[in-house]
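Reading through the structure tokens given below for one structure.
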Amino acid sequence: MGKKKSNRKNPSKGERVNFRKRYQGRVRDGDLTREFNQGEQDSLADVRQSERVSGKGDLTRKRTVSQLKDHENDPSRAVDLVAGRVLRAHGLANTVLTDDGQRLECSIRQVLKSLSIDGRGTVVAGDRVRVRMETESTGMIEHVDPRRGVISRTSRGQQHVIAANVDHLLIVASAAMPSLKPVLIDRFLLSAEQCDLSPVIIINKCDLVDPVTLQQLVGVYASMGYRTLFTSAQSGVNIDSLRELLAGKQTAVAGQSGVGKSSLLNAVQPGLGLAVSEVSRDNQKGRHTTTSAQLIPITDPRGGAVFDTPGIRQFQLWDISPEEVSGLMPDIRPYVGQCRYANCLHLAEDDCSVKNAVADGRIDARRYDAYCHLLEDDLLKQ
Ligand SMILES: Nc1nc2c(ncn2[C@@H]2O[C@H](COP(=O)(O)OP(=O)(O)OP(=O)(O)O)[C@@H](O)[C@H]2O)c(=O)[nH]1
Ligand SMILES: [Zn+2]
């Protein structure tokens, strides 16, 4: 559409360099990963994260690997460690649910703590760990398994992991009351893409509208490969499908207040959503600063658990640069390499293949509009 005259500033040289560094960092990171064996890699995850920011790579890595080796060779290491997952990580008091269903209050072995340069994120909710039992209800976390599907946020240049081993992100919207806001869905989708999480879009309160009115919107998301599910916590529509989605998975739930996240979780399992909203109320003050999540197990023979933290519910676009956005939108991404200017932001530039694709309908006009608003109203204004 390009209806607006862009008021964007060209990104400064410093911004462009930072952006490039970020991507080079990822490639470099991948190469380094291959130098370590699997056991070392996982514990190094936090270190690598901090390196990216601090640039203190080599020295730290040597020290860390030698610490790890000492740790592996330590004769006092128990052979029979118990496997489990972290429900809540909170400094010295970490709750671990063992695979055979026992809840343990655990401390963290010192060598693991020192792996984390700034003392944070050694263990987070969702981590798979191995624990040395100390009493019937307490233990010591000896080992953290490699993580996949991580939700993290950056503050003051430091990246903090909030939740680990997130299998997918449920983006909950409501068809009405509050009214459907596709722009919010788009933003949550960007967050999911940024964290490399697979999203599922849930449109709840479908009892309040005729679902036919939503077909066009859902079609656009489906064409990008996103799964969408209409639900009603009130009338029970698709609650079985939701139960299937949660079974055996670690799920993060995001969505605007009032769309029915707690009601849906309660419909799947009475009490589940209630626990979620109590946590949310406790943390009202820290809505944007809370970095610790908790994982609430669901009672299903196949296992499964739901993450809760206000930070995930209101999953923000953390630390995203204007240049990054189009690459995170699967419908816009295919066109970005064909613009006349390499640093094209697809707003007011000439010969922009994204705008051409919008003009002839290959990109949905509403999605492009959401892109323009995000850049012009938020990211380029700061
Ligand atoms: N008609 C209808 N109402 C629903 C449905 N699901 C939830 N509601 C109502 O919507 C309101 C908000 O539901 P909640 O489950 O508290 O919403 P939430 O997303 O958890 O909200 P926060 O805790 O503020 O994040 C409640 O009054 C529910 O009864 C639904 O499927 N249909
Ligand atoms: Zn362009």
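The sequence shown runs 0 to 381 under numbering that gives the first Met the number 0.
Even for Gly, the Cβ is constructed at its ideal location relative to N, Cα and C.
For clarity, every value in this text was computed on a predicted model and none was experimentally measured.
Restricting to runs no shorter than 4 residues, where is the alpha helix (DSSP H) found entirely within the segment 303-363?
309-312, 321-324 and 352-358
If you draw a straight line from the alpha carbon of Gln337 to that of Arg87, how long is it in whole angstroms?
46 Å
By the DSSP assignment, the alpha helix (DSSP H) with Ile184 in it spans what residues?
Pro181 to Gln193
Is it the case that the CB of Cys351 approaches a heavy atom of ligand 2 more closely than 7 Å?
yes
Taking only the alpha-carbon atoms, compute the straight-line gap between Leu373 and Asp195 and give it to the nearest angstrom.
20 Å
In three-state DSSP terms, what is Arg152?
strand
Contacts around Met139, its chain only, beta-carbon distance under 7 Å, and the 5 residues preceding and following it disregarded
Cys105, Ser106, Arg108, Val130, Arg131 and Glu133
Contact check, Val81 vs Thr97, beta carbons under 8 Å
yes
Top-ranked residue by Cα proximity to Phe187, from Leu379, Lys204 and Val252
Val252
Let me confirm a value: Tyr340 is counted as buried when at least 16 other C-beta atoms fall within 10 Å, else exposed. Which label applies?
exposed
Just to confirm my understanding: we take Glu375, look at its own chain, exclude 5 residues before and 5 after, and list those with CB closer than 6 Å. What are they?
none
Going by beta-carbon coordinates alone, are Leu179 and Thr250 separated by less than 8 Å?
no
Rounded to a whole number of angstroms, what is the C-alpha to C-alpha distance between Gln215 and Ala221?
10 Å
Can you tell me which of the three DSSP states Asn237 falls into?
coil
Coil, strand or helix - Glu135 by DSSP
coil
Return the CA-CA distance between Leu393 and Gln157, expressed in angstroms with no decimal places.
Because residue 393 is not part of the residues shown, which for the chain are 0 to 381, the question remains open.
C-alpha gap between Val357 and Pro333, whole angstroms
12 Å
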